[in-house]
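Numbering (UniProt numbering), first residue to last: 1 to 279.
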Ligand code: UTP
């Protein structure tokens with residue numbers, strides 16, 4: 001069973017400057033809830049109850065969000081506003097939140113390796129909170145779909161989405177052998193390829209299940225694209241040594257690391273969740 005989830009949240013969020021100058025990108029709200037809380041709720045739905053955050057300087061508000069705020073609670077006690085804190089209070093009461101820092105921004109692979117102290121020798125999920133994944137019809141969350149697959153196949157799994165040809169350069173892109181509907185065995189992976197070099201249009205999005213041998217592989221992985229230690233390179237090695245699966249998830253993903261995706265997600269959540277009393 002997957003019980004732990006890692007959130008690499010050390011990035012600078014430069015596409016959202018100046019909003020992210022003193023505030024983490026992961027705390028930007030989609031309507032009335034910060035992005036990171038959507039990620040945590042998705043993981044809780046998958047049965048995860050232990051959350052590790054790889055943070056950096058200027059990210060303390062994430063730790064504060066997942067902790068009690070006695071003054072605030074005292075202030076609103078007995079008023080109608082108390083219920084606005086019900087969900088976050090229940091998340092705090094029923095789960096464990098731990099934090100470590102990535103001292104240097106050396107890439108997503110390096111950020112995940114920095115989280116090893118929080119994860120130990122366990123298979124774990126990774127959520128990039130700026131990818132908001134929603135399943136509008138009330139079906140299992142994207143991470144719940146992936147943990148179910150993990151229980152069957154017991155190997156690392158990346159979530160993939162088909163993207164237009166002129167967008168492949170923004171993603172890690174896979175090549176794979178189809179296994180069953182929406183599931184591929186990875187044979188190749190390229191980080192941010194030019195469209196003529198992309199092995200497919202299946203882009204890796206910010207949801208992963210990783211087996212703990214990935215830590216040793218990352219340790220041996222040399223810096224790749226943009227001089228960063230890329231998780232894609234480590235996963236390709238893992239695929240060559242054993243098995244990595246790619247899963248075309250059911251649901252919708254919003255790229256909230258971009259202004260357009262963020263606005264689209266805000267409108268979607270407002271119309272389909274907030275106004276319907278679903279969030
Ligand atoms: P991004 O490149 O999308 O995030 O990294 P960013 O750097 O914060 O955003 P921009 O491009 O400057 O606007 C993907 C994820 O990996 C984390 C980021 O926090 C983000 O969640 N990350 C990336 C780290 O934690 N450490 C790193 O060294 C690199």
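Idealized CB from N, CA, C, for every residue including glycine.
If you're wondering where the values come from, they're calculated on a predicted model, not measured in any experiment.
By the 16-neighbour rule on beta-carbons within 10 angstroms, residue 102 is buried. Residue burial is scored here from C-beta neighbours: residue 86 has fewer than 16 other C-beta atoms within 10 angstroms and is therefore classed as exposed.
Between the segment 121-136 and the segment 252-259 there are three or more C-beta pairs closer than 8 Å, enough to call the two in contact. The segment 143-159 and the segment 87-96 do not touch, with fewer than 3 CB-CB distances between them shorter than 8 Å. If you look at residue 15, you'll find it isn't in any beta strand (DSSP E); DSSP assigns it neither H nor E. Here residue 26 is buried, its C-beta having at least 16 other C-beta atoms within 10 Å. At a cut-off of 7 Å, the beta-carbon of residue 14 counts as near the ligand UTP: some heavy atom of the ligand is closer than that.
In the DSSP assignment, residue 41 falls within the alpha helix (DSSP H) that extends over 35-45. In the three-state scheme derived from DSSP, where H, G and I count as helix and E and B as strand, residue 156 is classed as strand. Check the Cα spacing between residue 265 and each of 73, 5, 3 and 34: the tightest is with 34.
Unbroken alpha helix (DSSP H) stretches of 4 residues or longer found wholly inside the segment 98-179: 108-114, 116-119 and 142-153, given in chain order. Between residue 47 and residue 1, the CB-CB gap stays under 8 Å. When secondary structure is reduced to three states using DSSP, residue 229 falls in the coil class, being assigned neither helix nor strand. Residue 237 sits away from residue 205, with the two beta carbons spaced by 8 Å or more. Straight through space, the alpha carbons of residue 5 and residue 69 are spaced by roughly 24 Å. Residue 24 has its alpha-carbon roughly 13 Å from the corresponding atom of residue 7. Per DSSP, residue 84 is not a residue of any alpha helix (DSSP H), being assigned neither H nor E.
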